């Protein structure tokens with residue numbers, strides 16, 4: 010497995026190289042897109058990016074969990090969680106490695 014992690018800086022650098030915007034404009038564009046996605050998810054909307062996948066929000070109900078070490082029952086509070094479902098194209102690309110470009 011690769012040790013490399015894609016960062017905001019990597020994304021803005023890619024926009025700089027591919028699109029030709031200045032580095033500052035590229036960074037602002039990446040931030041704007043990420044903010045828009047975050048705001049939509051925080052508002053309960055799902056975000057679908059064609060050929061990539063769908064981000065969504067799921068409400069999980071309260072339940073009783075168990076401490077595995079002691080066996081003691083512990084209440085788990087209800088919460089909202091972020092989910093991601095990759096598209097079939099993304100699944101295929103990941104399964105085949107980075108061969109498709």
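In this note's numbering, the protein residues as written are 10 to 110. A virtual CB, placed ideally from N, CA and C, is assigned to each residue, including glycine. All values reported here derive from a predicted model rather than from experimental measurement.
- Judged by DSSP in its simplified three-state form, residue 57 adopts strand.
- Closest in alpha carbon position to residue 96, among 81, 56, 35 and 88, is 56.
- Per DSSP, residue 82 lies in no alpha helix (DSSP H); the unbroken beta strand (DSSP E) holding it starts and ends at 82-85.
- Unbroken beta strand (DSSP E) runs of no fewer than 3 residues, entirely contained in the stretch 21-75, are found at 56-58, 62-69 and 72-75, following chain order.
- When secondary structure is reduced to three states using DSSP, residue 91 falls in the strand class.
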